[in-house]
Amino acid sequence: MKLVAKNGNHQEEIKVIKRDGSLLQVAIGGREYTLDVEKVEDGVYSVIHNGSSHNMEIIKSEKKHFYAVNTQYQSFDIEIAPAGSLKGAGKRQGNKSEKITAPIPGRIIAIKATQGDVVKEGQTVVVLSAMKMENELKATANGVISKIHTKENDVVKENSVLVEIKEES
Amino acid sequence: MKLVAKNGNHQEEIKVIKRDGSLLQVAIGGREYTLDVEKVEDGVYSVIHNGSSHNMEIIKSEKKHFYAVNTQYQSFDIEIAPAGSLKGAGKRQGNKSEKITAPIPGRIIAIKATQGDVVKEGQTVVVLSAMKMENELKATANGVISKIHTKENDVVKENSVLVEIKEES
Amino acid sequence: MIRKILVANRGEIAVRIIRSCRESGIKSVAIYSQPDRTSMHVRYADEAWPVGPAPSGQSYLNIPKILEVAKESGADAIHPGYGFLSENADFAKQVRDAGLIFIGPEAEAINAMGDKMRARELMIKAGVPVVPGSGKLSDDETENLKTANEIGFPVMIKASAGGGGKGMRLVEKPEELNSSIRRAKSEAKNAFGDDSVYMEKYLKSPHHIEVQILGDEHGNIVHLYERECSVQRRHQKIVEETPSPFISEEIRKKMTDRAVAAAASVNYTGAGTVEFLVDADLNFYFLEMNTRLQVEHPITERTTGIDLVKAQIKIANGEPLPWKQEDIRKSGHSIECRIYAEDPERNFMPGAGTVLHITEPLGLGVRTDGYIYEGYEITVFYDPLISKLIVWAQNREEAVQRMKRALYEYKITGVKNNIQFLERIMNTPDFVQGKYDTHFIAKNEKSLLAGENCNNTCEDLAMVMAYVEHQSHVDKRLVFNNAQNSKSNWKEYGRLHRFNPF
Amino acid sequence: MIRKILVANRGEIAVRIIRSCRESGIKSVAIYSQPDRTSMHVRYADEAWPVGPAPSGQSYLNIPKILEVAKESGADAIHPGYGFLSENADFAKQVRDAGLIFIGPEAEAINAMGDKMRARELMIKAGVPVVPGSGKLSDDETENLKTANEIGFPVMIKASAGGGGKGMRLVEKPEELNSSIRRAKSEAKNAFGDDSVYMEKYLKSPHHIEVQILGDEHGNIVHLYERECSVQRRHQKIVEETPSPFISEEIRKKMTDRAVAAAASVNYTGAGTVEFLVDADLNFYFLEMNTRLQVEHPITERTTGIDLVKAQIKIANGEPLPWKQEDIRKSGHSIECRIYAEDPERNFMPGAGTVLHITEPLGLGVRTDGYIYEGYEITVFYDPLISKLIVWAQNREEAVQRMKRALYEYKITGVKNNIQFLERIMNTPDFVQGKYDTHFIAKNEKSLLAGENCNNTCEDLAMVMAYVEHQSHVDKRLVFNNAQNSKSNWKEYGRLHRFNPF
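Residue numbers (our numbering), protein chains in the order written: chain X, 266 to 434; chain L, 266 to 434; chain H, 1048 to 1549; chain Y, 1048 to 1549.
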């Protein structure tokens, strides 16, 4: 099974050419790299490429097949998936339902819309009190509020769906 | 099987009376303790006893059944052994053979005694070069050099026996 | 003489206070709520006592229980830290009524300054300039709107009992006024148990600059210069520095002088902070006085060399200040970055989770005050502040460079945090040049939220290594062992040295 | 202008140098021997290049290979750190001949001071007092004995090319003289590739006090005050402090003045240290000049605020010193403790092994310069220095208290180390009172090696917890799970808050 790595919309096929001790020869998108790889701790690698020293931390994400890759200057969210599984990605549109979920557990302070309201992307729909702060949860797309699953003063768990928005087509 | 804990010559029998959540009730040498125990990392415990907070690190030693216990102020070397196995401990004497071993790998710079020499405890017998330092290895008892297993310029491994001393009786 | 201090707080400030206790030969008593049993302040203190379940109201704000623990543990003093009960005059009074030393000012001073409206009146009397504003707002929506129109929009709604940005609301349009007042009241009620709010003119392009004060019980009050705190998000400071790159020496003199006058007007004892708003023309206005230790106190400690917690303890012991104003010198430049468990890309939403891995920045000119450790679980119950990173250097330029270096070294994984966001602040021209006001983050939002430019190679390597980690379970060629498992230099040693004796 | 520096070193000093490079916007190139592939300096630098196998002679002392890497990586300067090639005049020359900048003094200055005997002669000319002593010792045992008798026992044998206590031997009795000379020669040969040794009178009750020097290429030389380095074991410093609690202001003036004269006599450029022995009557004698950065340089950085590595780089760039002598002020008190992987109870035998767990001391007034991390394997190939712990406080008393606090926080497990030994030094009355000379450790050996007094409870708890860990595999009642595994405050949250909304 061919695998590709995806960083957002950018995806590349990866092939291992050779492994010899700490030296790993790989090809990504036709570009070949010879890397000197040492694992220094669980999930932490020291990678030297043409003299350049990279310290890389790779953490399995909660999302399946996703990895957070932290380099010294940047963070990436990389998905490893079988080639060809990506068809239709980035194509979703119309009649789709977007969900506003609680990013952390907390208490609902305010719901600033009612069912049927037209909302714009970025507009505050729910105010959630958590960690001593009031957090504004915003519409993730332009659309119409199709369902509200919570009410003021509810204590909600992480990831629970609070509001659904039917996207404008 | 009854077990005892030993700190040097001091040994005590330990009995678990009760465990309830994080609370552990134990008796050691007739003294009873109720401890609030939380494991905070592998081998690291937070123990609260009558309000006193102890942070304790417990590391399995290379010696079987020995544990290094580090508290905030002190280090202990504790052995856990079956009760009764200690008979004769502290009694060794006479005609016993003491060994001088290499505490770290290195190169032998000098052997300052020959077979048959009488040596005193604390007298330097071997000089070992390691980690850019010359390290003096001393006689661990008064006695006579019974055997020398190494020579100058030998590269020796950790724990290898370098010299044997027959203790004075 | 204080011999044992109960620290009525948690997190980094509890650890920081216990450090100074330890250096002073004073025993420390930690208190903890149920989920904080394994928190660092519990492990670090000499003693630790439970005070209740997770919600602050039943633990860190539970006055009877805290006093009970103080008695049981034999503590002779209580340090409240910041937040929680630190500006609760009733607590200060109850502590003293119980025969204990409260490490902080008298209840009257807390009350006078804690009631922001009363404080405004006091300041006017003491000759300290204040921002045009209202008295306590009623529920009369029409009247509120009238007041706001008189002051002129935009206005700020503030909790009279407030602090730390809680219960604060900026209102730009008349139609948002009354709903904002309701929200501010609700937030104030939650945070402080008091829903009094008032209104102030919102200054355009303001700087938030504050002056550190120390007062003893013998009538001596000194200042320890100012802190520039204008880099804020959600009305909360995230970067502070001293000296301020904005004010002139002349304004510094005037401002510190007025700050001492403000403290003197309430016979202030202990450590406190007089906050000012400074407009683009260097006019300054009293904002509020915080009658406690400030989160950002370490930058003042670094430039003046004075341990503020030790100073608090000595003052509480009744000792006179060991310095006169002219003995207090500052040198160099210090910057603090607050490290929060939050997601800058999601409007600084606070986060929680288990800390997998930390690398602390170390080396010259760097201090961190934190409390998390690997395996520690940051809970959802309390403030998301993880730690404070403080640097010092001979001048501002070097301090910014050092902060960049320290942030580069600082790695926390397992919880979302704002370290990379702070790095981008340090790279923002307005900040580098010291030309910023409280609108800095809004003004630079785009570049602050954008990722670094990535060349092909760095993205390729990230993809490759994610692939390596993913496939290491199925492809033997991609198994890399930790150094300590695979390597045995004990064995190698003999071989190498037989050929190459040293 | 220097843009990329190759750091020809390893361990803490390589990391420390790279930190200042990073703060200066200068790219860094690490070099590494085979077992150092995963060492911190390799991971922290911008680039990393292998230079050979474990033995220093083939890697960190391998001049052709290092120059080759410098060329290949495009470095324009080389910083040698301390030890290894830092005082190798030939290396300095070859670096410059290759068209690169050597961050250090001219080869002639290194030569003049590196040859301890020649240095003695120079100092006499420059009016700097020296200890009575010999020229280079031959293999003529009779003559050596005669020389020693003339100087008077005890005498010190020293490597002419020496430093850091290596190749040094104290000889108290005539019959030990020639074997000690042989041993010193062998050690000198190993460490420096040069077996020249000489003899000096051994001063009774001496203090080891040194003066930090900076010189530029424009003839300016300044001092940065002194460091007291008398706490030594095996002739190696383990605790240093500044200012010295021993010397008077008058002697400080004379000594720093003579140190500047010593440096001027060899037209010194860069950072250097003039070491003096000071006897009980405050007579001081030139001991040697180290023509490089010193291990203990951070305490000077802390009291003067000057980053010595950045100063070195600027000097190497040809810039004039930005300060005159009168601009260089010191404030407060700074102490350094060297953390070694060694066993104080076994005559400070160096150790090695895998680092299981580290807790770094943090908070106010604390700096650590180290290079190990959890999982790192300390190898047997190099110096056992793990890190340096530096504290600063307003005065000596507070600095000692702070050092005790920091040592209390510092935990390294997996390798034997001297942290508890250092804690006992901080508790020793002679040290606390600042009344100590180089015999301090020998004089206080008993109390320094004795464990703390242990009450019943602490021993009981240690035994109980060892038992708990031991039996946790067979007795279910003794299984304790890590907090993060057993606890889910996500779940608990809902339950708690339903009853106690906040």
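We treat Cβ as the ideally placed atom computed from N, Cα and C, and that holds for glycine.
In its own chain, which residues sit with a C-beta less than 6 Å from the C-beta of X:G376, not counting the 5 before and 5 after it?
-> According to the sequence provided, residue 376 of chain X is Ile. The question's Gly does not apply to it. In the same chain as X:I376, and ignoring 5 residues on each side of it, the C-beta atoms closer than 6 Å to its own belong to V391, in chain order.
Residues near X:Q388 in its chain [Cβ-Cβ closer than 7 Å; skip 5 each side] = Excluding sequence neighbours, X:Q388 sits near K403 and A404.
Which residues in the same chain have their Cβ closer than 6 Å to the Cβ of Y:T1415, if we skip the five residues on either side of it in sequence?
-> Excluding positions up to five away in sequence, the list reads E1407, S1434 and L1436.
Own chain, CB closer than 8 Å to X:H314, minus 5 neighbours either side, in chain order = These residues qualify, in order along the chain: Y298, T299, L300 and D301.
Alpha carbon to alpha carbon, what distance is there between H:A1139 and H:G1365?
-> So the alpha carbons of these two residues sit roughly 16 Å apart.
Please check if any C-beta of chain H sits within less than 8 Å of the C-beta of X:P370.
-> True, the Cβ-Cβ gap to chain H drops below 8 Å.
Boundaries of the beta strand (DSSP E) in which X:S317 is found, first to last residue | First-last of the beta strand (DSSP E) with X:S317: S317 to K325.
Alpha-carbon spacing of Y:I1285 relative to Y:I1148, whole angstroms = Approximately 32 Å, taken between the alpha carbons.
Can you find a C-beta in chain Y that's less than 8 Å from the C-beta of L:Q358?
-> With a pLDDT of 44 at L:Q358, under the threshold of 50, the modelled position of this residue cannot be trusted; read the value that follows with caution. Not one chain Y Cβ lies under 8 Å of L:Q358.
Cβ of X:V334 within 8 Å of any chain H Cβ = The Cβ of X:V334 sits closer than 8 Å to at least one Cβ of chain H.
L:T336 - DSSP class collapsed to helix/strand/coil | L:T336 falls in the coil class under three-state DSSP.
Can you find a CB in chain X that lies within less than 8 Å of the CB of H:N1196?
-> No, because no Cβ of chain X sits closer than 8 Å to the Cβ of H:N1196.
Is DSSP giving L:L300 helix, strand or coil here?
-> Three-state DSSP puts L:L300 in a strand.
So, are the CB atoms of Y:S1207 and Y:D1241 less than 8 Å apart?
-> Yes, the pair counts as a contact, with Cβ atoms nearer than the cut-off.
Give the C-beta separation of X:E417 and X:I373 to the nearest angstrom, bearing in mind that I take them to be a contact with Cβ-Cβ under 8 Å.
-> Sure, about 6 Å apart at Cβ, within 8 Å.
Is the CB of X:K304 under 8 Å away from at least one CB in chain H?
-> Closer than 8 Å to some Cβ of chain H, the Cβ of X:K304 qualifies, so yes.
H:R1090 at chain L interface by Cβ criterion, 8 Å | Taking a beta-carbon distance threshold of 8 Å, H:R1090 counts as an interface residue toward chain L.
Consider the Cβ of Y:P1397: report whether some Cβ of chain L lies at a distance smaller than 8 Å.
-> Interface flag for Y:P1397 against chain L is set, since a Cβ pair is found closer than 8 Å.
For Y:F1239, the three-state DSSP class (helix, strand or coil) = Per DSSP, reduced to three states, the secondary structure at Y:F1239 is helical.
Cβ of Y:I1260 within 8 Å of Cβ of Y:V1321?
-> In this structure, Y:V1321 lies closer than 8 Å to Y:I1260 by Cβ.
Using a threshold of 8 Å, state whether the C-beta atoms of H:F1131 and H:A1235 are closer than that.
-> No, the pair does not count as a contact, with Cβ atoms beyond the cut-off.
What residues of chain H sit near L:N320, judged by a beta carbon separation below 7 Å?
-> The answer, in chain order, is R1090.
Using the C-alpha atoms, what's the distance from Y:N1465 back to Y:Q1480?
-> Roughly 22 Å between the two C-alpha positions.
Which of helix, strand or coil does DSSP assign to X:A354?
-> Here X:A354 scores only 43 on pLDDT, less than 50, and its place in the model is too uncertain to base an answer on.
Please list the partners that Y:T1415 has in chain H, where partner means a Cβ-to-Cβ separation under 7 Å.
-> Going along chain H in sequence order, the residues near Y:T1415 (Cβ under 7 Å) are L1409.
Contacting residues, own chain, Cβ-Cβ under 8 Å from Y:E1000 (five flanking each side not counted) = Outside the displayed range of chain Y (1048 to 1549) lies residue 1000 of chain Y, so it cannot be described from this structure.
Three-state secondary structure (DSSP) at H:V1244?
-> Correct three-state label for H:V1244: strand.
Leaving out five residues on either side along the sequence, give the residues of the same chain with a beta carbon under 8 Å from the beta carbon of L:R357.
-> In this prediction, L:R357 has a pLDDT of 42, which is less than 50 and means its spatial position is unreliable; what the coordinates show is noted afterwards. Nothing meets the Cβ criterion.
So which residues of chain L does H:T1475 contact, with C-beta pairs closer than 8 Å?
-> Ordered by position in chain L, no residue passes the 8 Å Cβ test against H:T1475, which lies about 38 Å from the chain.
Going by alpha carbons, who is nearest to Y:Y1107 out of Y:G1058, Y:T1085, Y:R1066 and Y:N1394?
-> Here the closest residue by C-alpha is Y:G1058.
Quick one: which unbroken alpha helix (DSSP H) runs of 4-plus residues sit fully inside the stretch 1158-1207 of chain H? Chain order, please.
-> The alpha helix (DSSP H) runs of length 4 or more contained entirely in the stretch 1158-1207 of chain H are, from start to end of the chain, 1163-1173 and 1188-1198.
Inter-stretch contact at 8 Å, needing at least 3 Cβ pairs: the stretch 1292-1303 of chain H / the stretch 1327-1342 of chain H = Using a C-beta cut-off of 8 Å, the stretch 1292-1303 of chain H makes contact with the stretch 1327-1342 of chain H, since at least three inter-stretch Cβ pairs fall below that distance.
Determine, using beta carbons only, whether Y:G1422 comes closer than 8 Å to chain X.
-> Yes, Y:G1422 lies at the interface with chain X (some Cβ there is under 8 Å from its Cβ).
Going along chain H, which residues have a C-beta under 7 Å from Y:P1345?
-> By Cβ distance, chain H contributes L1411.
Segment limits, alpha helix (DSSP H) that includes H:T1347 = That run of the alpha helix (DSSP H) goes H1344 to T1351.
Report the residue ranges of all alpha helix (DSSP H) runs contained in full by the stretch 1312-1389 of chain H; include only those spanning at least 4 residues, in chain order.
-> DSSP runs (the alpha helix (DSSP H)) wholly in the stretch 1312-1389 of chain H: 1344-1351 and 1355-1363.
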